[in-house]
Amino acid sequence: MLEDQFVIRQSKKKQIGIVLLTAGLIIYYFVGPYEKTRIIYKESPTFTIILGIVFFTLLGYFLNELITRKAEIILNKEGIELRDKGFFTWDMIESFSTLYYRYSENRNIDLVLHFKEYADMKFDITRLEQDKDQITELIMKYKGTASLYFVSHETK
């Protein structure tokens, strides 16, 4: 029996890693192991303040993302909702595939929705709780009797 909806969020491990990395950069810059790196505080305090604001803003943003953990993908019997993209019914979608960019710096994985009447839409699924195979299985379960089909896992 399917749940009414299935919510997929960003991976908590990866979010914690990003928060720790940002905090580490702040500590390294302001406490730093070298006296030479701390000379810039006296020579250019404006630069130090601006860089501090940028670092702490990033830390605040990543902490907020970790605490709120908004839904990236919501699947239900009516359709699929993608964060910042909107809700799409299963009847609007002709097929879907995943696209793995093997040679890109981040090795991104995209979910590509192929619409019947619109252009294709890509949605990054690299840092989610479920991997591409699990997301594919969930979409196939929730699509119900819609004529939606899975094309392939493509690699570029």
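Residue numbering for the sequence shown follows the numbering used here, beginning at 19 and increasing consecutively.
All C-beta atoms, glycine included, are put in the ideal place defined by N, C-alpha and C.
Bear in mind that the values here come from a model prediction, so they are computed numbers and not experimental data.
Would you tell me roughly how many angstroms separate the C-alpha atoms of PHE106 and MET158, rounded to the nearest one?
As a position in the sequence shown, residue 106 is number 88, starting the count at 1. As a position in the sequence shown, residue 158 is number 140, starting the count at 1. Their Cα atoms are separated by approximately 15 angstroms.
DSSP-derived helix/strand/coil call for GLN23
Stepping through the sequence shown from its first residue, residue 23 is reached at position 5. Of the three classes helix, strand and coil, the one that applies to GLN23 here is strand, per DSSP.
Taking 9 angstroms as the CB-CB cut-off, is LYS30 touching chain C?
In the structure shown, chain C does not exist; there is a single protein chain.
Just curious, the alpha helix (DSSP H) that GLY42 is in, first and last residue?
For this step, residue 42 is matched to residue 24 along the sequence shown. From DSSP, the alpha helix (DSSP H) with GLY42 extends over 30-49.
Cβ distance (whole Å) where PHE48 is taken to contact ILE58 below 8 angstroms
Here residue 48 refers to the residue found at position 30 of the sequence shown. Here residue 58 refers to the residue found at position 40 of the sequence shown. The C-beta separation of PHE48 from ILE58 comes to about 11 angstroms, leaving the pair out of contact by the 8 angstroms criterion.
Would you mind working out which of LEU69, GLY35, LEU93 and GLU135 sits nearest VAL25, comparing C-alpha positions?
As a position in the sequence shown, residue 25 is number 7, starting the count at 1. In this structure, LEU93 is the residue among LEU69, GLY35, LEU93 and GLU135 with its C-alpha nearest to the C-alpha of VAL25.
Could you check which residue in PRO51, ARG145, ILE153 and ASP22 has the C-alpha nearest to that of ASN124?
Within the sequence shown, the letter at position 106 stands for residue 124. Among PRO51, ARG145, ILE153 and ASP22, the Cα nearest to that of ASN124 is on ARG145.
Would ILE143 and ASP128 qualify as a contact pair, given that the criterion is a beta-carbon distance under 9 angstroms?
As a position in the sequence shown, residue 143 is number 125, starting the count at 1. As a position in the sequence shown, residue 128 is number 110, starting the count at 1. Taking 9 angstroms as the Cβ cut-off, ILE143 and ASP128 qualify as a contacting pair.
Classify THR116: buried if its beta carbon has 16 or more other beta carbons within 10 angstroms, exposed otherwise.
Along the sequence shown, read from residue 1 onward, the residue named residue 116 stands at position 98. Per the 10 Å Cβ criterion, buried.
Pairwise C-alpha distance: GLN152 and PHE141
Position 123 of the sequence shown holds residue 141. Position 134 of the sequence shown holds residue 152. Rounded to whole angstroms, PHE141 to GLN152 spans 15 angstroms at the Cα level.
Is it the case that the Cβ atoms of ARG87 and LYS30 are separated by a distance below 9 angstroms?
In the sequence shown, counting from the first residue as 1, residue 87 sits at position 69. In the sequence shown, counting from the first residue as 1, residue 30 sits at position 12. Closer than 9 angstroms, so yes.
Rounded separation between HIS171 and TYR119 - CA only:
Indexing the sequence shown from 1 puts residue 171 at position 153. Indexing the sequence shown from 1 puts residue 119 at position 101. Rounded to the nearest angstrom, the two C-alpha atoms are 11 angstroms apart.
Pair within 9 angstroms by beta-carbon distance, GLU90 and TRP108
Position 72 of the sequence shown, counted from the first residue, corresponds to residue 90. Position 90 of the sequence shown, counted from the first residue, corresponds to residue 108. No, these two residues do not count as a Cβ contact at 9 angstroms.
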